[in-house]
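Participant:
2 protein chains.
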Amino acid sequence: MSIQVLLADDHQMMRQGLKALLEREGITVVGETADGREAVLLSQTHNPDIAVIDISMRVLNGPDAAREIRRLSPRTKVVILTASAEDPNVLDALRSGVSGYILKTQAAEELVLAIRDVMRGCVYLSPSVSRAVVDAFRSGTDLPRDPLSPRERQVLRLVAEGLSTKEIATLLELSVRTTEAHRRQIRSKLNIHETASLVRYAIRRRLVEF
Amino acid sequence: MSIQVLLADDHQMMRQGLKALLEREGITVVGETADGREAVLLSQTHNPDIAVIDISMRVLNGPDAAREIRRLSPRTKVVILTASAEDPNVLDALRSGVSGYILKTQAAEELVLAIRDVMRGCVYLSPSVSRAVVDAFRSGTDLPRDPLSPRERQVLRLVAEGLSTKEIATLLELSVRTTEAHRRQIRSKLNIHETASLVRYAIRRRLVEF
DNA sequence: CGTCCATTCATGGGTTTCACCGATTTCCTC
DNA sequence: GAGGAAATCGGTGAAACCCATGAATGGACG
Chain A
20 MSIQVLLADD HQMMRQGLKA LLEREGITVV GETADGREAV LLSQTHNPDI AVIDISMRVL
80 NGPDAAREIR RLSPRTKVVI LTASAEDPNV LDALRSGVSG YILKTQAAEE LVLAIRDVMR
140 GCVYLSPSVS RAVVDAFRSG TDLPRDPLSP RERQVLRLVA EGLSTKEIAT LLELSVRTTE
200 AHRRQIRSKL NIHETASLVR YAIRRRLVEF
Chain B
20 MSIQVLLADD HQMMRQGLKA LLEREGITVV GETADGREAV LLSQTHNPDI AVIDISMRVL
80 NGPDAAREIR RLSPRTKVVI LTASAEDPNV LDALRSGVSG YILKTQAAEE LVLAIRDVMR
140 GCVYLSPSVS RAVVDAFRSG TDLPRDPLSP RERQVLRLVA EGLSTKEIAT LLELSVRTTE
200 AHRRQIRSKL NIHETASLVR YAIRRRLVEF
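Those protein sequence lines, which keep their order, are chains A and B. According to this note's numbering, the first sequence is numbered sequentially starting from 20. According to this note's numbering, the second sequence is numbered sequentially starting from 20.
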């Protein structure tokens, strides 16, 4: 039985490329998506050995998706993919209890290695990441973890992308009231009461691009 | 003789994946690099039909590399790869005289299509690139860097800082109606209709910090 | 088991923004 | 001097957002 993998990345091209490379190595890709939330669902339905997840995705980001997957599909190990070792969310990702952490700047062989290592129960950290993490700890450049819950972070991200409350509610399959409640909670926790400042906060936290 | 392609992208994983996909389509990858400057050199030595270049690279970015390649290896057509259609460098990239423009969020088939189109002498623009940008590009009318008047820029800055229309009016000693008119004019000129997106625009244009 | 918190949804009312319509004055350019 | 853009101001009504408060559920943690 070959290793079953789920792929989640914003870029379809990346997914297709990785899929081709992994399948050449005899690893089966049982599902793929651009959306962290869908990654959680696909993990439940396909129950893959490993979920390979990009750190920055639109609807639900890597670390939060990793937490959900660990909670709902404990059998599935999570390997995080990131574009940069300096991403301020690296530490957050590590705290979310992932089994592997790989840079996209590395060769695909690195990912294959990581997948095989994780299957044996090891934790695989890309060498450049370990360095970055240690440095971050030492220099204290790590941003303090924001006080938001995963749901609130998810909502904030969509707010910062310009979606209206109604649009967010539809996207997340919530009532408008609930979405409003999340927004209120966000404003109250951060003590930020204008949309514009929320957007700037989200950009600082790298919840969205700009 | 198959089509000869050069790949330039920060992420080795992406390059390897694309290479696998392109070669499956009978397209030959004659070289690859993470570095825009090296892409220029490789274009000279290998003289490929097409250089597929990521828009954001460390040493020399996509548009600038495209200009150099056109100057030094005029036979080689350039196709730009980008992560987002809202990248502030989209226009710059188009002005640099590329033959194709593709989003990484699209399927790899799109890239293959683009490569084949460009080989036939066509220009291939991903459909998701903003209408306004494409129009400006095609008509050669070269959008101004920032179409806003000084007053509008001033108002936008304050909007992005989180001030309400009323606060802005008071600060600038204007009527609320005038301030509203400015906001309306800004939205219409930029074709951006949510505050959140306006804030991101302002940050990109360095009108405000974040 | 009780407490805290996240998540969900609601009522009701106030504020702000937005879209569409209109206008005048000034100033620059062709 | 006609045309155009910038800057100034106004009305109206719909949509979106903000605020205070309340409350049910369920999971986590001591």
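No residue lacks a Cβ here, since even glycine has one placed at the ideal position from N, Cα and C.
State the DSSP-derived secondary structure class of residue 211 of chain A, mapped to helix, strand or coil.
Facilitator: coil
Participant: Taking only beta-carbon atoms, is residue 57 of chain A less than 9 Å away from chain B?
Facilitator: no
Participant: Could you check where the alpha helix (DSSP H) with residue 64 of chain A kicks off and where it finishes?
Facilitator: 55–65
Participant: For the segment 194–222 of chain A, which residues have a CB atom closer than 7 Å to at least one CB atom of chain B, in sequence order?
Facilitator: 213, 214, 215, 216, 218, 219, 222
Participant: Compare the C-beta of residue 151 of chain B with all C-beta atoms of chain A and state if any pair is closer than 9 Å.
Facilitator: Note that residue 151 of chain B has pLDDT 49, beneath the 50 cutoff, so the model's placement of it is unreliable and no number is given.
Participant: Report all residues from its chain with a CB closer than 6 Å to the CB of residue 136 of chain B; omit the five preceding and five following residues, and keep chain order.
Facilitator: 143
Participant: Relative to chain B, which residues along the segment 115–130 of chain A have a C-beta separation below 9 Å, given in chain order?
Facilitator: 121, 122, 123, 124, 125, 126, 127, 128, 129, 130
Participant: Answer with yes or no whether the minimum CB distance from residue 173 of chain A to chain B is below 9 Å.
Facilitator: no
Participant: So, for residue 44 of chain B: in the same chain, excluding its five sequence neighbours on each side, which residues have a beta-carbon less than 8 Å away from its beta-carbon?
Facilitator: 131
Participant: Would residue 50 of chain B count as contacting chain A if we go by Cβ distances under 9 Å?
Facilitator: No, residue 50 of chain B does not count as interfacial toward chain A.
Participant: Starting from the Cα of residue 122 of chain A, find the closest Cα among A:73, A:169, A:83 and give me that residue.
Facilitator: A:73
Participant: Using a cut-off of 7 Å between C-beta atoms, extract the partners of residue 63 of chain A located in chain B.
Facilitator: The contacting residues do not exist; residue 63 of chain A stays about 25 Å from chain B at best.
Participant: Tell me, please, whether the segment 183–193 of chain A touches the segment 179–199 of chain B by the rule of three or more beta-carbon pairs shorter than 8 Å.
Facilitator: no
Participant: Of all the residues that make up the segment 68–80 of chain B, which are near chain A by a beta-carbon distance shorter than 7 Å?
Facilitator: Under the 7 Å Cβ criterion, the segment 68–80 of chain B contributes no residue.
Participant: Given a cut-off of 9 Å on the beta-carbon distance, is the pair residue 39 of chain A and residue 40 of chain B in contact?
Facilitator: Going by C-beta atoms, residue 39 of chain A is nearer than 9 Å to residue 40 of chain B.
Participant: Could you name the residues that DSSP lists as bridge partners for residue 73 of chain B?
Facilitator: B:100
Participant: For residue 25 of chain B, which residues does DSSP report across the bridge?
Facilitator: B:50, B:70
Participant: Is residue 145 of chain B close to chain A? Criterion is C-beta to C-beta, closer than 9 Å.
Facilitator: Taking Cβ atoms only, chain A never reaches closer than 9 Å to residue 145 of chain B, which makes this a no.
Participant: Figure out for me which residue from A:172, A:189, A:68 has the closest Cα to the Cα of residue 133 of chain A.
Facilitator: Taking only the C-alpha atoms, the option nearest residue 133 of chain A is A:68.
Participant: Can you tell me whether DSSP reads residue 159 of chain A as helix, strand or coil?
Facilitator: In this predicted model, residue 159 of chain A has a pLDDT of only 49, less than 50, meaning its place in the structure is not dependable enough to derive any value.
Participant: Taking the beta carbon of residue 80 of chain A as the centre, do at least 16 other beta carbons fall within 10 Å, making it buried, or is it exposed?
Facilitator: buried
Participant: Relative to the C-alpha of residue 34 of chain A, which residue among A:58, A:21, A:63 is closest?
Facilitator: A:58
Participant: Below 9 Å on C-beta distance, what does residue 133 of chain B contact in chain A?
Facilitator: Residues of chain A passing the Cβ test: none, with the nearest at roughly 12 Å.
Participant: Look at the alpha carbon of residue 215 of chain A and the alpha carbon of residue 126 of chain B, and state the distance between them as a whole number of angstroms.
Facilitator: 34 Å
Participant: For residue 42 of chain A and residue 213 of chain B, I'd like the C-alpha separation in whole angstroms.
Facilitator: 43 Å
Participant: Which chain B residues are close to residue 179 of chain A, counting only those with a beta carbon under 7 Å from its beta carbon?
Facilitator: 215
Participant: Residue range of the alpha helix (DSSP H) that residue 122 of chain B falls in?
Facilitator: Counting along the chain, residue 122 of chain B falls outside any alpha helix (DSSP H), though it belongs to the beta strand (DSSP E) covering 119–122.
Participant: Per DSSP, residue 175 of chain B is paired with what?
Facilitator: DSSP output for residue 175 of chain B lists no bridge partner at all.
Participant: State buried or exposed for residue 94 of chain B, treating a residue as buried only when at least 16 other CB atoms are found within 10 Å of its CB.
Facilitator: Exposed, by the Cβ-count rule.
Participant: Could you tell me the boundaries of the alpha helix (DSSP H) in which residue 138 of chain B lies?
Facilitator: 127–138
Participant: Indicate the three-state DSSP secondary structure (helix, strand or coil) for residue 182 of chain A in the structure shown.
Facilitator: coil
Participant: Could you confirm whether any beta carbon from chain A is found closer than 9 Å to the beta carbon of residue 35 of chain B?
Facilitator: yes
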